[in-house]
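Participant:
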Amino acid sequence: MNIVVCVKRVPDTETKIKIGGEGTKIDPAGVEFIISPFDEFAVEEAIRIKEKLGKGEITILSLGPADAQTIMRKAYAMGADKGTHLNDATECQDTLAEAQALAAALKGMQFDLLLFGKQAVDYDNGAVGVQVARLLNIPVVSRIIKLDVADGKATVERESDMGKEVVEVKLPAAFTAEKGLNEPRYPKLMDIMKAKKKPLEEKPAQLEAPKLTIVKMDYPPARPPGKIVGQGEESVPALVNLLKNEAKAL
Amino acid sequence: MLPIEGKIFLLLLIGITVYFFTKRAQYLISLLKLGKAEDRSDNSGERLRFTLGQVLTQACALKNVTGKDLAGIGHMLLFYGFSFFVVSYGFHIAEGFYEKLNPSLFGEAFNNGFFFLLDLAGLVVIVSVIWAAIRRYVVRPERLVPSLEAGIILIVVFCLMILSFMTEGFRFLAEPEPFTSGAFVGKFFAGMLSGMGLQAHVHTLFMGTWFLHMMIVFGFGIYILYSKHLHVLASHPNLYFHSTRPKGTLQPIKDFESAESFGVSKVTDFSWKQLLDLYACTECGMCSANCPANNSGKPLKPKDVIINLKHNLFENGNNLLTKKEGEEEPLIVGSVVTHDEIWDCTNCMACMEVCPVAIEHVDKLDDMRRYLVLMESNFPAEVQTVFRNMENNSNPWGMGMATRADWAKDLGVKILSEAPGEFDILFYVGCAGSFDDRYKKVSRAMVKIMQAAGINFAILGTDEKCCGDSARRIGNEYLFQTMAQENIEIFKNYNVKKVLATCPHGFNVLKKEYPQFGAEFEVIHHTELILDLIKNGRIKLKGELAKTITLHDSCFLGRYNDIYQPPRQILNSIPQAKLVEMDRIQKTSFCCGAGGGRMWMEELRGKKINEVRTEEALTKNPDLIATACPFCLTMFEDGLKAKNADEKVKVLDIAEFVANHLL
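Structure representation (structure tokens):
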């Protein structure tokens, strides 16, 4: 079983985002970059499938700037075998262009499973996985919480507001991982050491001119400070008045 | 004195004893050699002084004597008494071969004095043995588990003493000239025995009791090596090879790149000294009696860890010695020492502080943690988040690292990451001081104090990183060393000479464990600094605090760094403050439950340690509880909430007491 997992380098979720790059990009200074948490579920799932089957190869594919390799090594430490880094110094923000670049790289690869996180937690578009599957013309099931592979088929579960769906799909197929799929492991030190020596191929990302560009980023407006209206019963009317007329909550 | 047949028999006895003693000793040493190498050859002078000091003055046993536990005095009596007998056996054997080799060789006065003291020692030993038996089989303190071995040894020692007196008695009757006038108990026995109509056989009886006596002595000499009384011989080398590293420091893993395994999973992963610890254990149970895990009903009992490891080593000893290359060795982690035991430890070091024979319990448990974390990635689930948080945001809470210095906004503090400048003291705020809402108040209090004293200090701001203590104590030595090296680099870049820490965990690790990685700066704790400021008159305290305060000693400040007095002296310098001590303080203070990374783990077994300690504090009816550690502070606040006492009793850090009373 050959599995390819696409991972993206994103700012840590606790990062205090600063806008840089002429107001259209995140300023990377002082930002800790991590594997997007949903992508980590995908990596973990790939490793579990390989462990369960006792064979297979896991390839990591990541599109991003040079330091995307740091998070690729983290996926290696978890148990992935090798990978390709599609270098993109421009930090493209057009999901379709990214999907095309990834699909171009994937066309040369043999795989049964193609895994993504359901979305990268930087721009939260949630589009790339599905777009890549479409470009490769393979089936895709998004936001899965369970994945079983047998006899050239995958049986997956996904949750929706209506309840739970169980989907059977022929391989090769693509899946995007939702929280709940698994609990990613903490790598063993031996594996961290081994990860440093696993092969990592680097090539430029074949990005077409983006059809979508971010024109301007802005911070959310500062929240007005809290107010103490008063104390005791006599302040209730004033509070009601403020809730009605100022906050428009009543 | 002895006829030729007797001399031959004595020689035979000695030969047999030497043979079995040597055989067993060689076996014990060959087991030690299975352990990993560890250099403990440094400071031989200091080591010898320490050992003799502990043994000859019996400080090893006497240090644990309290009003409630006098056993150490019993040990001292038994030790001195029996040691005298050991000397006498030398004379006995010498005299057996050549009759002039006896104490009278050194004159009549010496001879009489010697036998007087010997008889006195015999009485002392008898009294101590009876005392020990009553303790074990009647009083039964919790820390002692009555064992067959202990019973055998007490009976044998008792019999030896009686036989010794009988031998003396028969000798008085058998020899025309009394061999001494000093043996007063022997004389008493002679009187008793002479009335029994044995006159015709006194010489035979003297020889008989003499040989029986010697046979038991020799037999005892061999038995020691097979029993828990191995400590009689092993405790001396164990004291000699005690750790001379700064107190409580863990040893670094030196080579991550080429090592094939990390930590301890098999008994031979321990160093020879860690194995010698097992031999040295006296099974006194002081470690378990002082262990917060054991005292809160958890599986961990440090004594049992040591004894179980010892028994396991002896059970597998032969297999281990004959094991062929490549053969698997049984795991001790998860079987001999369970995961629960390994994770229960708070690293409070109470066990090691009270251990009379310098056993290193914490190192062993932390080595097994290293195995579980680094080799197996097997640890309480909640810890994974902590590791991730430390990796990604350099604090266990996982708060955004850009907000690290937000607490210091508007305080006029020099923040080096924003504007480098000159400073005398670097205030290493630590994660709790930076991110924990409650402990941020302590950071602010410290700023207020230093500003009042006119100290030129600075903080690193967002360049400050987590100290890594929790990672190290949980067993993630790799993560810890990454963080330590990063911090040392930052400190070097800012040319830091002197560091102030409020959190005792940061204080301890910066001061004593960072030098393992090349750190060269002075580190002080805020209680030390504040006391200096008060003494030098650089700050003055005003107002009155007519309250009852009880003080909790933080393990990493107290036992790890022997800082017991500064917090007390500071509290006593606040007018009218009344300090009431808890029952367990200073060296035997009871942990809050948060050390050793336990701060970040669920406490699923037994009672909650912080509640046990809070209950103890509440028996003193305090208005305030004083601490000098963010973890202790949290644990007490939680404890007070659990006991519904948080309205009545408040917890304050020493810095807050002072900041509230600045002139």
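Chains as they are written, first to last, in the numbering used here: chain A, 3 to 252; chain B, -1 to 661.
Where a beta carbon is used, it is the ideal one built from N, C-alpha and C, also for glycine.
So, helix, strand or coil for Cys8/A, using DSSP?
Facilitator: strand
Participant: Counting only Cβ pairs nearer than 8 Å, list the residues of chain A close to Tyr476/B.
Facilitator: Leu191, Ile194
Participant: Out of Glu635/B, Ala379/B, Leu274/B, Ala59/B, point me to the one whose CA is closest to Pro235/B's CA.
Facilitator: Leu274/B
Participant: By the three-class DSSP mapping on this structure, what secondary structure does Thr383/B have?
Facilitator: Secondary structure of Thr383/B (DSSP, three-state): helix.
Participant: Who are the near neighbours of Thr546/B in its chain, counting only those whose CB is closer than 6 Å to its CB and skipping five residues on each side?
Facilitator: Lys576, Val578, Pro620, Asp621.
Participant: Could you please give the first and the last residue of the uninterrupted alpha helix (DSSP H) stretch that includes Lys438/B?
Facilitator: Taken as a continuous stretch (DSSP letters only), the alpha helix (DSSP H) holding Lys438/B covers 435 to 450.
Participant: Going straight from the alpha carbon of Leu88/A to that of Lys205/A, what length do you get?
Facilitator: 5 Å
Participant: Taking only beta-carbon positions, decide if Ile36/A is within less than 7 Å of chain B.
Facilitator: yes
Participant: So Thr480/B contacts chain A; which residues on that side make the cut at Cβ distance below 8 Å?
Facilitator: Ordered by position in chain A, no residue passes the 8 Å Cβ test against Thr480/B, which lies about 10 Å from the chain.
Participant: What did DSSP end up calling Arg145/A once you bin it into helix, strand or coil?
Facilitator: Correct three-state label for Arg145/A: strand.
Participant: Does the beta-carbon of Tyr17/B have 16 or more other beta-carbons within 10 angstroms, so that it is buried, or is it exposed?
Facilitator: exposed
Participant: Hey, how far is the Cα of Val335/B from the Cα of Glu645/B?
Facilitator: 42 Å
Participant: What does Glu374/B touch in chain A if you count any residue whose Cβ is under 9 Å from its own?
Facilitator: Listed along chain A, the residues sitting closer than 9 Å to Glu374/B by beta-carbon distance are Lys190.
Participant: What would DSSP say about Ile572/B, mapped onto helix, strand or coil?
Facilitator: Correct three-state label for Ile572/B: coil.
Participant: Give the list of continuous beta strand (DSSP E) stretches no shorter than 3 residues that lie fully inside the stretch 604 to 631 of chain B.
Facilitator: 622 to 625
Participant: What is the rounded straight-line gap between the Cα of Ile124/B and the Cα of Val53/B?
Facilitator: 21 Å
Participant: Please list the terminal residues of the continuous beta strand (DSSP E) segment that includes Phe82/B.
Facilitator: Per DSSP, Phe82/B belongs to no beta strand (DSSP E); it is in the alpha helix (DSSP H), 69 to 95.
Participant: Which chain A residues are close to Gly396/B, counting only those with a beta carbon under 7 Å from its beta carbon?
Facilitator: Glu16
Participant: Counting only Cβ-Cβ distances shorter than 7 Å, please list the residues of the stretch 149 to 164 of chain A near chain B, keeping chain order.
Facilitator: Listed in sequence order: no entries.
Participant: Using the beta-carbon of each residue, which ones in chain B are nearer than 8 Å to Gly32/A?
Facilitator: Counting only Cβ-Cβ distances below 8 Å, Gly32/A has contacts in chain B at Met399, Ala400, Thr460, in chain order.
Participant: Just mark Val242/A as buried or exposed, buried being the case when its beta carbon has 16 or more other beta carbons within 10 Å.
Facilitator: exposed
Participant: Candidates Ala615/B, Trp270/B, Glu542/B: which alpha carbon is nearest Val656/B's?
Facilitator: The option with the nearest alpha carbon to Val656/B is Glu542/B.
Participant: Quick one: Cα of Val230/B to Cα of Ala181/B, how far?
Facilitator: 27 Å
Participant: Taking all protein chains shown into account, decide if Lys218/A is buried (16 or more other Cβ within 10 angstroms of its Cβ) or exposed.
Facilitator: exposed
Participant: So, for Ala699/B: in the same chain, excluding its five sequence neighbours on each side, which residues have a beta-carbon less than 6 Å away from its beta-carbon?
Facilitator: Outside the displayed range of chain B (-1 to 661) lies residue 699/B, so it cannot be described from this structure.
Participant: Taking the beta carbon of Ile51/A as the centre, do at least 16 other beta carbons fall within 10 Å, making it buried, or is it exposed?
Facilitator: buried
Participant: Quickly, what does DSSP pair Ala249/A with across the bridge? List them, please.
Facilitator: Its beta-bridge partners do not exist; DSSP assigns none.
Participant: Looking at chain A, is there any beta carbon in it that lies within less than 7 Å of the beta carbon of Gln382/B?
Facilitator: For Gln382/B, the answer is yes, since a Cβ of chain A falls inside 7 Å of its Cβ.
Participant: Whole angstroms are fine: how far does the CA of Glu42/A sit from the CA of Leu638/B?
Facilitator: 40 Å
Participant: If the cut is a Cβ gap below 7 Å, which residues of chain B does Arg187/A touch?
Facilitator: What Arg187/A touches in chain B: Ser375.
Participant: So, at 6 Å on beta carbons, what are the nonlocal neighbours of Pro139/B in its own chain, with the 5 sequence-adjacent residues on each side left out?
Facilitator: none
Participant: Give a yes or no on whether 7 Å exceeds the smallest Cβ distance from Phe711/B to chain A.
Facilitator: Here chain B covers residues -1 to 661 and nothing more, so residue 711/B does not appear.
Participant: Taking only the alpha-carbon atoms, compute the straight-line gap between Pro212/A and Pro67/A and give it to the nearest angstrom.
Facilitator: 16 Å
Participant: Along the chain, which unbroken stretches of the alpha helix (DSSP H) at least 4 residues long are found entirely within the stretch 39 to 64 of chain A?
Facilitator: 39 to 55
Participant: Which residues, in order along the stretch 429 to 440 of chain B, keep a beta-carbon less than 7 Å from a beta-carbon of chain A?
Facilitator: none
Participant: According to DSSP, is Lys639/B part of a helix, a strand, or is it coil?
Facilitator: helix
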